[in-house]
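Here the protein sequences come in this chain order: D and L.
FYI, the numbering for the first sequence is 0 to 329, going by numbering that gives the first Met the number 0.
FYI, the numbering for the second sequence is 0 to 270, going by numbering that gives the first Met the number 0.
Ideal placement from N, C-alpha and C gives every residue a C-beta, glycine not left out.
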Amino acid sequence: MTAVLFQQVSRHFGAVRAVDSVDLAIAEGEFFAMLGPSGSGKTTCLRLMAGFEQPTAGHIEIFGETAEGVPPYRRNVNTVFQDYALFPHLSILENVAYGLMVKGVGKAERLKAAEEALAMVKLPGYGTRRPGQLSGGQRQRVALARALVNRPRVLLLDEPLGALDLKLREQMQEELKALQKSLGITFVFVTHDQGEALSMADRIAVFNDGKIQQLGTPEEVYKRPATRFVADFVGSSNMLPPDFVEMLGFGRHHASLRPEAIALGDGPGRKHVSGRVTAASFLGAANRVTVDANGTRIAAMLPAAVAVPAQGEMVTLSFLPEDLHTMDGA
Amino acid sequence: MRSDRNTSAPLGLKIAAGAGLAFLHLPILLIFLYAFTTEEKSYQFPPPGLTLKWFAVTWNRPDVWEALGLSVRVAAISTAIALVLGTLCAAAVSRTKFFGRETISLLVILPIALPGIITGIALRSAFSFAEIPFSFWTIVLGHATFCVVVVYNNAVARFRRVSGSLIEASMDLGADSFQTFRYIILPNIGTALLAGGMLAFALSFDEVIVTTFTAGQQSTLPIWMLEELVRPRQRPVTNVVAMVVVIVTFLPILGAYYLTRDGDQVAGGGK
Numbered sequence: 000m001t002a003v004l005f006q007q008v009s010r011h012f013g014a015v016r017a018v019d020s021v022d023l024a025i026a027e028g029e030f031f032a033m034l035g036p037s038g039s040g041k042t043t044c045l046r047l048m049a050g051f052e053q054p055t056a057g058h059i060e061i062f063g064e065t066a067e068g069v070p071p072y073r074r075n076v077n078t079v080f081q082d083y084a085l086f087p088h089l090s091i092l093e094n095v096a097y098g099l100m101v102k103g104v105g106k107a108e109r110l111k112a113a114e115e116a117l118a119m120v121k122l123p124g125y126g127t128r129r130p131g132q133l134s135g136g137q138r139q140r141v142a143l144a145r146a147l148v149n150r151p152r153v154l155l156l157d158e159p160l161g162a163l164d165l166k167l168r169e170q171m172q173e174e175l176k177a178l179q180k181s182l183g184i185t186f187v188f189v190t191h192d193q194g195e196a197l198s199m200a201d202r203i204a205v206f207n208d209g210k211i212q213q214l215g216t217p218e219e220v221y222k223r224p225a226t227r228f229v230a231d232f233v234g235s236s237n238m239l240p241p242d243f244v245e246m247l248g249f250g251r252h253h254a255s256l257r258p259e260a261i262a263l264g265d266g267p268g269r270k271h272v273s274g275r276v277t278a279a280s281f282l283g284a285a286n287r288v289t290v291d292a293n294g295t296r297i298a299a300m301l302p303a304a305v306a307v308p309a310q311g312e313m314v315t316l317s318f319l320p321e322d323l324h325t326m327d328g329a
Numbered sequence: 000m001r002s003d004r005n006t007s008a009p010l011g012l013k014i015a016a017g018a019g020l021a022f023l024h025l026p027i028l029l030i031f032l033y034a035f036t037t038e039e040k041s042y043q044f045p046p047p048g049l050t051l052k053w054f055a056v057t058w059n060r061p062d063v064w065e066a067l068g069l070s071v072r073v074a075a076i077s078t079a080i081a082l083v084l085g086t087l088c089a090a091a092v093s094r095t096k097f098f099g100r101e102t103i104s105l106l107v108i109l110p111i112a113l114p115g116i117i118t119g120i121a122l123r124s125a126f127s128f129a130e131i132p133f134s135f136w137t138i139v140l141g142h143a144t145f146c147v148v149v150v151y152n153n154a155v156a157r158f159r160r161v162s163g164s165l166i167e168a169s170m171d172l173g174a175d176s177f178q179t180f181r182y183i184i185l186p187n188i189g190t191a192l193l194a195g196g197m198l199a200f201a202l203s204f205d206e207v208i209v210t211t212f213t214a215g216q217q218s219t220l221p222i223w224m225l226e227e228l229v230r231p232r233q234r235p236v237t238n239v240v241a242m243v244v245v246i247v248t249f250l251p252i253l254g255a256y257y258l259t260r261d262g263d264q265v266a267g268g269g270k
């Protein structure tokens, strides 16, 4: 079943088209990412699903029911806010039980459900504290528990890991993914971090200027970017101009080539280019080498075991033909 | 708080500060002292004798009770009006964006910046222009003009600290507008409203200038005291009443001070 359906949805703020004729269908139980730079319309799409915004044009359905005009408190959808938005005057347990309290669930029952939700996010026994006494990562978990205790059919997450440090972020990514699998709830999350989207999502919608640039699995989006924007935003692709691609024998197209698909030296069945090394930097697990090939800048990610060529040295780089991805138009 | 224990202030500064505080507060003590004097026609120092009889005399004067009752009623109703209007206005100004928002914000605060005499004359001419007879309600209206400001100022500052996403979070979790106000907004602005209400009550209770222009034949407590001063009879009664006024207005102001102080800590705790 389709959990969330957008048909030609637009949201304009004055002259700004924050969301511009977006079509998308999110399947039930899917972990769906909306990826894009700030101002690309991804958060507005999330707010349209939550009910904080109403579409200027188009049609939205949540589990087959029309969502336009339905206020946030009548939608079976809950949100984990970017700043967590925990209620400072309530204890952690009261925060988590809030959704059940306003729905009229009895006190004993809702506190029990809240305790269970806290245990689920690995914060058992934290119920009596106040939001101000918790760390950022703990508050994030409370926000998650507060949303999940209502058993929403869709959980919306607005940059959920943005405020956490790297270690905690990686840990939370895994936990979120595991939680989503075990609960089977549809997760829709907004992020500007392509690594996060690639590692967590079943499918990714890449947003730019209020439009979806590409919608596909992480692998599709990464390996076969539909537009130059996607190639550039997801990972750091080498963008090759049409002249250069034609010279390599792929026809006159724009093309993208992932830095990690490039190796030093030539081999059978590989395409090669020659150029002068302009920069080389050590990144720990790999070395990043930038080469100037007849005026086209090509970055290659080489395994750390390979000796790094010196700056100014002429080198030959090669790649498999299928790794070069051509695209038409913009 | 600062750890410079050794650098204490020079003696001259200490004396000056002490003298300043004494100048501010000794006259109030004198008022208290004369409430116990045996001399009823003039304020002579030192008092020829001390007595408690003026408390009994005051207790049995119906005009005192009348004035006190009027003042309490006026203050209570003005504060109630101010709480409703001030909160609504603060909510509108801090929650939404609309044309002329800054102007409205300024216009709401203006009555407290204007000299009371201007507000008084303006209201008086407006009332007589509209042919509204002076009554209890004209006094209340006059007081409400500046009581609203006090409540508004307190509420607007607190509203700004209640993050907008709290309200969205509440709606998201299934609370309608009324529940959101009841469970989220009110607890977060409650102490600010209480503080604003107490200040408003205290302001209204001892207001003289605006009242002079908007009252008819009725006397609020401060007006009654003013009239009483020119009469030579039973002067210490005024002092007894003054003591009561000081206590009645001082307690809420002290309470408001502590409430807003604690409120800051509560609101800051969530950040």
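Residues bridged to residue 76 (chain D) by DSSP?
D:153
DSSP three-state assignment for residue 221 (chain L), whether helix, strand or coil:
helix
State buried or exposed for residue 256 (chain L), treating a residue as buried only when at least 16 other CB atoms are found within 10 Å of its CB.
exposed
Are the beta-carbon atoms belonging to residue 219 (chain L) and residue 141 (chain L) less than 8 Å from one another?
no
Length of the line joining the Cα atoms of residue 28 (chain D) and residue 134 (chain D):
30 Å
Which of helix, strand or coil does DSSP assign to residue 248 (chain D)?
coil
Counting only beta-carbon separations shorter than 8 Å, does residue 173 (chain L) have a partner in chain D?
yes
Which one of D:104, D:116 and D:89 has the shortest CA to CA distance from residue 330 (chain D)?
No answer is possible for residue 330 (chain D): it lies beyond the span of chain D, which begins at 0 and ends at 329.
Within-8 Å CB hit, residue 93 (chain L) to chain D
no
So which of L:229, L:193 and L:138 has the shortest CA-CA distance to residue 216 (chain L)?
L:138
When you compare each of L:244, L:151 and L:208 to residue 199 (chain L) by their alpha carbons, which one comes out closest?
L:151
Nearest neighbour of residue 234 (chain L), chosen from L:155, L:16, L:39 and L:74 [CA to CA]:
Closest by alpha carbon: L:39.
Residue range of the unbroken beta strand (DSSP E) whose run includes residue 190 (chain D):
Residue 190 (chain D) -> beta strand (DSSP E) spans 185-190.
Please classify residue 272 (chain L) as buried or exposed, where buried requires at least 16 other C-beta atoms within 10 Å of its C-beta.
Here chain L comprises residues numbered 0 to 270, so residue 272 (chain L) is not present and cannot be evaluated.
Is residue 31 (chain D) helix, strand or coil by DSSP?
strand
Could you tell me the boundaries of the beta strand (DSSP E) in which residue 8 (chain D) lies?
1-12
For residue 57 (chain D), collect the residues of the same chain with a Cβ closer than 6 Å to its Cβ; drop the 5 residues on either side in sequence, then sort them by chain order.
6, 7, 8 and 9
For chain D, check one thing: does any of its Cβ atoms lie closer than 8 Å to the Cβ of residue 258 (chain L)?
no
Mind checking if residue 252 (chain L) is an interface residue toward chain D, Cβ cutoff 8 Å exclusive?
no
Let me confirm a value: residue 242 (chain D) is counted as buried when at least 16 other C-beta atoms fall within 10 Å, else exposed. Which label applies?
exposed
Against chain D, does residue 168 (chain L) count as a neighbour if the rule is that its beta carbon must be under 8 Å from one of theirs?
Yes, contact with chain D.
For residue 64 (chain D), does the count of other Cβ atoms within 10 angstroms reach 16, so buried, or fall short, so exposed?
exposed
Looking at chain L, is there any beta carbon in it that lies within less than 8 Å of the beta carbon of residue 221 (chain D)?
no
Quick check on residue 191 (chain L): buried or exposed, where buried means 16 or more other Cβ atoms within 10 Å of its Cβ?
buried
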